[in-house]
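There are 2 protein chains.
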Amino acid sequence: MADLGEWGVIAALRERMPAGPLTTVGIGDDAAVVTTPTGSVVAAVDMLLEGRHFLLDRSPAYDIGVKAAARSLADIAAMGAVNTALLIALAAPGTLSASWATDLADGIAAEATRAGAGVVGGDTARADLVLLSVTALGDLEGRAPVLRSGARPGDVVAVAGPLGRSAAGLALLGAGLGASVPAYQDLVSAHLRPAPPYDAGPEAARLGATAMIDVSDGLIADLGHVAEASGVLADVRGAGLETRSLAAAANSVLASQEATGTRPADTGPADKGPADKGPADKGSAEHAPTAEALALTWVLTGGEDHSLVATFPPSVALPPRWRIIGEVRAGAGVTVDGAPHQGAGGWQHFA
Amino acid sequence: MADLGEWGVIAALRERMPAGPLTTVGIGDDAAVVTTPTGSVVAAVDMLLEGRHFLLDRSPAYDIGVKAAARSLADIAAMGAVNTALLIALAAPGTLSASWATDLADGIAAEATRAGAGVVGGDTARADLVLLSVTALGDLEGRAPVLRSGARPGDVVAVAGPLGRSAAGLALLGAGLGASVPAYQDLVSAHLRPAPPYDAGPEAARLGATAMIDVSDGLIADLGHVAEASGVLADVRGAGLETRSLAAAANSVLASQEATGTRPADTGPADKGPADKGPADKGSAEHAPTAEALALTWVLTGGEDHSLVATFPPSVALPPRWRIIGEVRAGAGVTVDGAPHQGAGGWQHFA
Numbered sequence: 360m361a362d363l364g365e366w367g368v369i370a371a372l373r374e375r376m377p378a379g380p381l382t383t384v385g386i387g388d389d390a391a392v393v394t395t396p397t398g399s400v401v402a403a404v405d406m407l408l409e410g411r412h413f414l415l416d417r418s419p420a421y422d423i424g425v426k427a428a429a430r431s432l433a434d435i436a437a438m439g440a441v442n443t444a445l446l447i448a449l450a451a452p453g454t455l456s457a458s459w460a461t462d463l464a465d466g467i468a469a470e471a472t473r474a475g476a477g478v479v480g481g482d483t484a485r486a487d488l489v490l491l492s493v494t495a496l497g498d499l500e501g502r503a504p505v506l507r508s509g510a511r512p513g514d515v516v517a518v519a520g521p522l523g524r525s526a527a528g529l530a531l532l533g534a535g536l537g538a539s540v541p542a543y544q545d546l547v548s549a550h551l552r553p554a555p556p557y558d559a560g561p562e563a564a565r566l567g568a569t570a571m572i573d574v575s576d577g578l579i580a581d582l583g584h585v586a587e588a589s590g591v592l593a594d595v596r597g598a599g600l601e602t603r604s605l606a607a608a609a610n611s612v613l614a615s616q617e618a619t620g621t622r623p624a625d626t627g628p629a630d631k632g633p634a635d636k637g638p639a640d641k642g643s644a645e646h647a648p649t650a651e652a653l654a655l656t657w658v659l660t661g662g663e664d665h666s667l668v669a670t671f672p673p674s675v676a677l678p679p680r681w682r683i684i685g686e687v688r689a690g691a692g693v694t695v696d697g698a699p700h701q702g703a704g705g706w707q708h709f710a
Numbered sequence: 360m361a362d363l364g365e366w367g368v369i370a371a372l373r374e375r376m377p378a379g380p381l382t383t384v385g386i387g388d389d390a391a392v393v394t395t396p397t398g399s400v401v402a403a404v405d406m407l408l409e410g411r412h413f414l415l416d417r418s419p420a421y422d423i424g425v426k427a428a429a430r431s432l433a434d435i436a437a438m439g440a441v442n443t444a445l446l447i448a449l450a451a452p453g454t455l456s457a458s459w460a461t462d463l464a465d466g467i468a469a470e471a472t473r474a475g476a477g478v479v480g481g482d483t484a485r486a487d488l489v490l491l492s493v494t495a496l497g498d499l500e501g502r503a504p505v506l507r508s509g510a511r512p513g514d515v516v517a518v519a520g521p522l523g524r525s526a527a528g529l530a531l532l533g534a535g536l537g538a539s540v541p542a543y544q545d546l547v548s549a550h551l552r553p554a555p556p557y558d559a560g561p562e563a564a565r566l567g568a569t570a571m572i573d574v575s576d577g578l579i580a581d582l583g584h585v586a587e588a589s590g591v592l593a594d595v596r597g598a599g600l601e602t603r604s605l606a607a608a609a610n611s612v613l614a615s616q617e618a619t620g621t622r623p624a625d626t627g628p629a630d631k632g633p634a635d636k637g638p639a640d641k642g643s644a645e646h647a648p649t650a651e652a653l654a655l656t657w658v659l660t661g662g663e664d665h666s667l668v669a670t671f672p673p674s675v676a677l678p679p680r681w682r683i684i685g686e687v688r689a690g691a692g693v694t695v696d697g698a699p700h701q702g703a704g705g706w707q708h709f710a
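Chains as they are written, first to last, in this note's numbering: chain A, 360 to 710; chain B, 360 to 710.
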């Protein structure tokens, strides 16, 4: 990128970006101007860092662009808003190629376009690592925002979009199995290029959702934010979760870990002090996770799918893509079938 | 910061932030909601990086916060808009102290408050260096944005806010003279904590400014962006520039450089290949810059003051803080007294 110079990089990125239907002034002036038809703007910022959220040698630049955009776009959808605009801050080493930067831009542009947003501004800088900070703007179309704090006892908990597929893809990549089975490539893709169901956000708002969040840190963790903000308990029904499509991948990952001695249940104690040794570390033979348990762990604790989880009054007739997975009760925290989530068979280490 | 944990850091930062008068939903949900009374939002993002824009051992955390906020807030003002909201993305090493983070937050909060903006969202991450990405949102109050592209031949060029003071402060810091004279501390402060005249932006718009930009890269460079976008030439009158208040500092910096042998005119060739040796490198005796020339260079090429430069039709009666410094003509580029800026006595290296 150093060859192109900052202005060359900016020009190359700029020409790849969608303008967006509501953009009055796009990239190129001191700031952008975006129309807000109903008198308010929804805004969120998220960072994506090399080493923490992706590895340069594992993630193509296009995929990094998709993921960086998706994280912020999903936040806007989780408010019940439609996405209107992105602003991108990119720090990167000068040693990266210009095609790396344009591939990144293509990924950002594709995901912004899928969400209906323009890319209206940005900033670039040289740094020793790749860091993307993406600000997303959205419009509520005159509705009230769907906050995390509105869930009430009696509401149903429903999810739009997949759960656990990104975690399964990450595990397959870690086991070197990403390319072994065609179906696994879909899971790897789900990890590298999350595809949040953006339009399900405004749909949920129109249906009367009482609270909503996107699954970035895992279902249990993110539903926990809703439960805490709302002052309620969310109980997930294990039987309502879709784990069958992940069973084959879980089997393959376990078999690979068994063969290479890298199963977390075996290696876990090495990462912990003696004081931390508890019942879960009593030897792998007794506590070897089953494929079913591993798939369930992916579904309950895997993040980065950026699916939407919302609560609705029980009287609401939900369209098919909103799958009911539990209910809201008086209390605090998140339970699975009425009990605290125990890590699905000694798999606390995984999360 | 590692002791506090990400949530502890976020909580400590959050409680220091102004909400902002137009904020409906602030920090803490998936996204913020900010009212846009006139149906559009102005948005800009800027990054501030350790090593490039500041040094941790030279800049207090509070000052880094002020500077990070000011850069983005000034972009909004340069569109003729009032600032409404900031979103902050902060990457930092876990080894920094919690008080460093809260001092940073105090600086951001103070500058946001000075500009009338709330801090409505953010993201934090662990990284090996400190990086801030600040997104600013603003409101045009029903006016059209003041773009870079509207300058017309016959317009006057006027500036609100100081020029060259940040560059003078940086030079004083570099020469170890920051604390030697009380007046110099004001210049050092101007470098560490820029104070853009935010309200001059909407004022210029109301007065009928035809183009505007904030001085982040230097008067010549930024006026060059206006000239290019507008398809005109901007001529600056040297006599209209205020250099007297910088003369004493320039004298001190030159004397210090003479005493320590660090004058750029002497050391310049060491940074360049033989092919680059030109007339300007013919020996320092012939080309030693005068204090007057150095002060002028600070004014013409020093960035980071984030003052506002605008063009106005000649008929506009400007309030005193808008100082006329030149005029717009047919042509291209930026001239000083009708001639291309030559670096004020061999000081091209400085910029």
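For each residue, glycine too, the CB sits at the ideal point set by N, CA and C.
Note that the structure is a prediction, hence the values are computed from the model and not measured.
- If you draw a 10 Å sphere on the C-beta of G535 of chain A, you find fewer than 16 other C-beta atoms in it, and that means exposed.
- For V658 of chain A, the closest C-alpha among the options A:H700, A:A669, A:A691 and A:P678 is that of A:H700.
- The alpha carbon of A484 of chain B has as its nearest neighbour, out of B:I447, B:P679 and B:W681, the alpha carbon of B:I447.
- Chain-order list of chain B residues neighbouring M376 of chain A: empty, with the shortest C-beta distance near 14 Å, by a criterion of under 7 Å.
- Secondary structure at D594 of chain A: strand, using DSSP grouped into helix, strand and coil.
- Within a 10 Å sphere around the beta-carbon of A503 of chain B sit fewer than 16 other beta-carbons, which makes this residue exposed.
- At a C-beta separation below 7 Å, P504 of chain B has these neighbours in chain A: V384 and V392.
- Contact annotation: the region 453 to 463 of chain B does not touch the region 455 to 466 of chain A, with fewer than three C-beta pairs closer than 8 Å.
- In this structure, V695 of chain B sits near V595 of chain B, with a CB-CB distance shorter than 8 Å.
- For L667 of chain A, the beta-bridge partners assigned by DSSP are A:A519 and A:D573.
- Among the bridge pairs identified by DSSP, V400 of chain B is matched with A:V393.
- Taking 8 Å as the CB threshold, P396 of chain A lines the interface with chain B.
- Cα atoms of T619 of chain A and V687 of chain A: separation of roughly 42 Å, rounded to the nearest angstrom.
- Measuring C-alpha to C-alpha distances from G439 of chain A to each of A:P673, A:D498 and A:S666 identifies A:D498 as the nearest.
- P512 of chain A and I369 of chain A have their C-alpha atoms some 50 Å from each other.
- At a cut-off of 8 Å between beta carbons, A402 of chain A contacts chain B.
- Here T494 of chain B is buried, its C-beta having at least 16 other C-beta atoms within 10 Å.
- The beta-bridge partner set that DSSP reports for D405 of chain B consists of B:V493.
- Distance between G697 of chain B and A486 of chain B, taken at the CA atoms: about 48 Å.
- Here D482 of chain A has A448 as same chain residues with Cβ atoms under 7 Å from its own Cβ, once five neighbours each way along the sequence are excluded.
- Cβ proximity to chain B below 7 Å picks out D434, I435, A437 and M438 from the region 429 to 441 of chain A.
- Put simply, of B:S508, B:G453, B:V393 and B:S418 the residue whose alpha carbon is nearest the alpha carbon of A476 of chain B is B:V393.
- Proximity of I572 of chain A to chain B, defined by a Cβ-Cβ separation below 8 Å, is satisfied.
- In the DSSP assignment, the residues bridged to D498 of chain B are B:V441.
- Collapsing the DSSP output to three states places E374 of chain B in coil.
- The DSSP-derived three-state label of R682 of chain A is strand.
- Proximity of G583 of chain B to chain A, defined by a Cβ-Cβ separation below 8 Å, is not satisfied.
- DSSP links G481 of chain B through a beta bridge to B:I447.
- With a 10 Å radius around the Cβ and a threshold of 16 neighbouring Cβ atoms, E374 of chain A comes out exposed.
- For A519 of chain A and P672 of chain B, the gap between their C-alpha atoms comes out near 56 Å.
- The contact set of V425 of chain B on chain A, defined by CB atoms closer than 9 Å, is empty, because the minimum CB distance reaches about 18 Å.
- V479, G480, G481, D482, T483, A484, R485, A486 and D487: these are the residues of the region 470 to 487 of chain A whose beta carbon lies less than 9 Å from some beta carbon of chain B, given in chain order.
- DSSP places V384 of chain B within a strand segment (E or B) once states are collapsed to three.
- Linking L605 of chain A to G685 of chain A through their CA atoms gives a straight-line distance of about 20 Å.
- Classified as exposed, G410 of chain A has fewer than 16 neighbouring CB atoms from the shown chains inside 10 Å of its CB.
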